[in-house]
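2 protein chains.
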Amino acid sequence: MPKTIPENSIGLVTPKTCQFDHPLQLECGQTLSEYELIYETYGTLNADASNAILICHALSGDHHAAGYHSMQDRKPGWWETCIGPGKPIDSNQFFIVCPNNLGGCKGSTGPISINPQTGKYYGPDFPIVTVQDWVHAQERLAQQLGINKWLAVIGGSLGGMQALQWSISYPDKLEYAIIIASAPKLSAQNIAFNEVARQAIISDPNFHQGHYLENNTRPTHGLILARMLGHITYLSDDAMGAKFGRELRNDTLYYNYDVEFQVESYLRYQGRSFADHFDANTYLLMTKVLDYFDPAHAFNDDLALALKAVQAKFLVLSFTSDWRFSPKRSTEIVNALIANRKQVSYAEITAHQGHDAFLIPIPDYLSIFHAYMQNVGAHL
Amino acid sequence: MPKTIPENSIGLVTPKTCQFDHPLQLECGQTLSEYELIYETYGTLNADASNAILICHALSGDHHAAGYHSMQDRKPGWWETCIGPGKPIDSNQFFIVCPNNLGGCKGSTGPISINPQTGKYYGPDFPIVTVQDWVHAQERLAQQLGINKWLAVIGGSLGGMQALQWSISYPDKLEYAIIIASAPKLSAQNIAFNEVARQAIISDPNFHQGHYLENNTRPTHGLILARMLGHITYLSDDAMGAKFGRELRNDTLYYNYDVEFQVESYLRYQGRSFADHFDANTYLLMTKVLDYFDPAHAFNDDLALALKAVQAKFLVLSFTSDWRFSPKRSTEIVNALIANRKQVSYAEITAHQGHDAFLIPIPDYLSIFHAYMQNVGAHL
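These protein sequence lines are chains A and B, in that order.
Just add 995 to the spot in the first sequence (first one is 1) and you have my numbering.
Just add 995 to the spot in the second sequence (first one is 1) and you have my numbering.
This is how it looks when you write it as structure tokens:
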């Protein structure tokens, strides 16, 4: 726990919630009659509401993007690196909003919420939402907050997909879209990894076809496996090598199935601590949101066509060692924008940290991001 | 089932077994008092036993490398592409030997064998063997077959590690070592993938700490997950993309947890069919054999030092899209040999098929391999 909160942190923050009673029509055909979104804000909305920035979270992220909930918190929000006073997304200048998405498990309506129609947990019956559904829900939140147009919508990974979708769904409701370590759709390999993670959860005997909460249990082993696997894809081979190499946990080899190498111990720990605070149905849902995202699909698989009507200015960032969403995937977005003569800046940042690089204070990354954001805020 | 067996196949083959009653001291400290190896041979041993070639199999391979066991077989042996009359490893010229390794589940002594000391399945009590142990066992098999020196020891992936270990353990007992799509040791990422596979098996409630056979069950779900995951690492992202892309299984999206994309269906099928005929304890064991392989470890992590005394001539082959054991890993071996002024040929073959490329009839691969093998057999 920090004795003092660092000076460049937004400091103590308190989440807010917003109730929505107007039904939300979902892409899957179902309707959510009512729902709640939990969100955090950092900074102050200016008089003409022109300095609002939406932060979209990734698979295991939530609304707690920056700052601390209490002086006892061991860790700040997940994007503390980039959000705060004097940081790329500067809370002295911008009004920053970060909601937990629908289907999440950190306070927004999702599988662990009570379905008002049945009085029971939604569990596996929570409808499968999509990036487009999230964007619609976020747009309603913007209305509630008195924000007609975002100055920028920003996200990494699955968050970047939301920023891209915003530019398509509401072309006149954002000035800038910032898409980091993302892709215009999953590859077959991406889907394959998701499928193994899902099968790990679903084949856990404690899954009970998703109704584990009613059975007072949780598919912890499956969720641990899913997270261990995910974690491998977030790191590069080089990053893992640099961090662990073949370092042994003990001095000698034991020739048994206990942990021999540090990397095994690390992965087990990561898996367990994640499974302690995340919901399995939400995890399943998030992987499906990723799988389904494909804005070009309705346009004959022509991404340029899908992006024809966008009006936002774009910053696209990728990291050299990211093999989950490699730089090549980012350039697909960039090229589709260029084909439409849209305004786009692109940087491929040299970094050995893999996909996780977007969460890490890499000097080149922060300085490019910061410079761009100063431009974004120049007319405020 | 083939109505006729292809002309360039070795045709019908019958496995043989060899009993060993002399105890084998293992690297882990334990001793196997007696054991059996099952193996196949193709071609004829010449008068001075100078045309013998040892084929070493990989993780899920076995002794059935080429030909058919019956006219009803749907598929030939696993390396039919490379072994047979007129093929790179030409059965008209060479006497080819392929054993199932110790710890295997296809006929050699392993976890599904009965432990003579207890009268029960070895199961999880089968000792953890290493590549070095395998090489010792293979050397004893050579003695039994009247082979003092292999003309060549050949293997892909984990098989290549055995070929490398042969050159270190018995420098004067092989003329050539051919190492394909392999590595001198696993990376942290490689170990991490193995660890997830192991945890999938071990956390299956039917695993019973490895004593599942006594409980008349099998950890099928865990083994399916392990294989699905492994399979992703055998294919390249490009190969998966070319094979499946984001092709849907049905015409429309269903927005549920059933199979939506072809790649999901394919992976589930691969997992299930593998789990039907492979033993989980053997799978665990094979992943540990991979993890532990590191001939440079005893030489201060200096691979060149480990290879100082080798006498074999080497062919090392890698494939551009192999991300399990990338070309960079092969060049580690090549560079260590060059540092010792050993004779080594190296080719990096352009192929989009990933790690599995070594099993696939890629023209450049076969022609390079064939040309080299003609040279190997030139003096016969």
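The C-beta atom is built at its ideal place from N, Cα and C for all residues, glycine as well.
Being a predicted model, the structure only gives us computed values, none of them experimental.
Residues are counted here when their Cβ sits less than 9 Å from a Cβ of chain B; for the segment 1012 to 1043 of chain A these are L1021, E1022, C1023, G1024 and Q1025, given in chain order.
Under DSSP, the beta-bridge partners assigned to A/K1011 are A/Y1034. Contact of A/H1216 with chain B is assigned, a C-beta pair being separated by under 8 Å.
Each residue's CA atom was taken as its position, placing A/G1240 and B/E1343 some 25 Å apart.
Within the segment 1167 to 1197 of chain A, K1180, L1181, S1182, A1183, Q1184, N1185, I1186, A1187, F1188, N1189, E1190, V1191, R1193, Q1194, A1195 and I1197 place their CB atoms closer than 9 Å to a CB of chain B, listed in sequence order. In chain order, P1018 and Q1020 place their CB closer than 6 Å to the CB of A/T1026, counting only its own chain and leaving out the 5 sequence neighbours on each side.
Assignment of beta-bridge partners to B/V1311 by DSSP yields B/I1174 and B/Y1341.
The continuous beta strand (DSSP E) containing A/L1049 extends over residues A1047 to C1051.
The way I'd put it, the segment 1216 to 1236 of chain A doesn't touch the segment 1154 to 1171 of chain B; fewer than three beta-carbon pairs between them come closer than 8 Å. Under the 8 Å Cβ criterion, the segment 1335 to 1349 of chain B counts as touching the segment 1310 to 1324 of chain B, having at least three qualifying pairs.
Listed along the chain, the chain B residues whose CB falls inside 7 Å of the CB of A/I1355 amount to none; the nearest CB is some 18 Å away. In the structure shown, the three-state DSSP call for B/K1115 is strand.
Relative to the Cα of B/P1356, the nearest Cα in the group B/F1273, B/E1075 and B/W1129 belongs to B/E1075.
Nearest to A/K1337 by alpha-carbon distance, out of A/P1358, A/P1322, A/Y1367 and A/L1302, is A/L1302.
Around the beta carbon of A/H1272, fewer than 16 other beta carbons sit within 10 angstroms, so the residue counts as exposed. For the pair B/I1078 and B/K1011, the Cα-to-Cα distance works out to about 18 Å. Ranked by Cα distance from B/I1048, the options B/R1069, B/F1015 and B/N1087 are led by B/N1087. Taking a contact to require three or more Cβ pairs closer than 8 Å, the segment 1112 to 1122 of chain A and the segment 1134 to 1150 of chain A do not qualify as touching.
With respect to chain B, the C-beta atom of A/R1241 has a partner C-beta closer than 8 Å. In this chain, A/P1106 is not harboured by any beta strand (DSSP E), its DSSP state being neither H nor E. For A/I1091, the uninterrupted beta strand (DSSP E) run begins and ends at F1090 to P1094, by DSSP. Annotated three-state conformation of B/W1145 is strand, per DSSP. Residue pairing for B/G1079: DSSP places it in a beta bridge opposite B/D1085.
Put simply, of A/A1331, A/C1100, A/E1170 and A/M1223 the residue whose alpha carbon is nearest the alpha carbon of A/D1296 is A/A1331.
The Cβ of A/P1322 sits no closer than 8 Å to any Cβ of chain B. Taken in chain order, the complete alpha helix (DSSP H) segments of 4 residues or longer contained in the segment 1196 to 1245 of chain A are 1215 to 1229 and 1232 to 1238. Contact check for A/Q1184 and B/D1232: beta-carbon distance about 4 Å, within the 8 Å limit, so the pair qualifies.
For the C-beta of B/L1224, the chain A residues within less than 8 Å are, from N- to C-terminus, V1191 and L1224. Of all residues in the segment 1077 to 1102 of chain B, none has a C-beta nearer than 8 Å to a C-beta of chain A.
DSSP places B/Q1157 inside the alpha helix (DSSP H), whose first and last residues are L1153 to S1164. If you keep only unbroken beta strand (DSSP E) runs of at least 3 residues inside the segment 1266 to 1326 of chain B, you get 1308 to 1314. Under the three-state reduction of DSSP, A/L1262 is assigned to helix. In this structure, A/L1097 keeps its C-beta atom at 8 Å or more from the C-beta atom of A/Y1063. Here A/K1283 has I1123 as same chain residues with Cβ atoms under 6 Å from its own Cβ, once five neighbours each way along the sequence are excluded. DSSP places A/Q1025 in the coil class of the three-state scheme, outside both helix and strand. Contact between B/S1177 and B/G1205 fails: their C-beta atoms lie close to 29 Å from each other, not under 8 Å.
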